[in-house]
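Shown next, in structure tokens, is the structure this report addresses.
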Amino acid sequence: MCVSTYKNRKDYFYFNDISTRWMDNDVYGHINNVTYYSYFDSIVNKYLIEEGGLNINQDQVVGFVVASNCDYFAPLSYPEKLESALVVSHIGNSSVEYKIGIFKKDSVDVSALGGFTHVFVSRETGKAVSIPTHLKNALYKIYSTKKM
4 MCVSTYKNRK DYFYFNDIST RWMDNDVYGH INNVTYYSYF DSIVNKYLIE
54 EGGLNINQDQ VVGFVVASNC DYFAPLSYPE KLESALVVSH IGNSSVEYKI
104 GIFKKDSVDV SALGGFTHVF VSRETGKAVS IPTHLKNALY KIYSTKKM
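Residue numbers for the sequence shown follow our numbering, so the first one is 4 and each next one is one higher.
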């Protein structure tokens, strides 16, 4: 389970609005657990593209997800307005660990807390490579020195 370090809005540096959809709800009337992972993927890649200059179609280095998790603290459902929030918790030579909070719009407390790890690899060989400088610079802009 993720610890309480990233359970408050103030722990994050980058935010993105989420429009929930009817299809996000499950038969129990709340957002299905698998949908949260699409929220995680969306904010991470939006940040890498917009702030890091990632070109998903042409760059020779791509990020593979090698680990992910999610802890749920409060149910969410359509048609609520949500926000995803992003922070980087670790930067290695070829890997980066993100924490993603899912919040009700304007709420201080996280409703779901995700962890997401990318390993950057050569598109051609699939082997791990160093994170490109332009991406690493962007990642450091949202890096947290908080320890878990």
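We put the CB at the ideal spot given by N, CA and C, even for glycine. Model, not experiment: these values are computed from the prediction.
Bridge partners of Lys-107 according to DSSP: Leu-85. By the Cβ test, the region 96–106 is in contact with the region 4–24, since at least three Cβ pairs between them sit closer than 8 Å. DSSP places Asn-96 in no beta strand (DSSP E); its state is neither H nor E. Here the region 75–88 makes no contact with the region 53–63; the two share fewer than three CB pairs at distances below 8 Å.
Less than 8 Å divides the Cβ of Ile-34 from the Cβ of Asp-27. For Ser-22, the uninterrupted beta strand (DSSP E) segment begins and ends at 17–22. Put simply, the backbone Cα of Val-37 is about 14 Å away from that of Phe-119.
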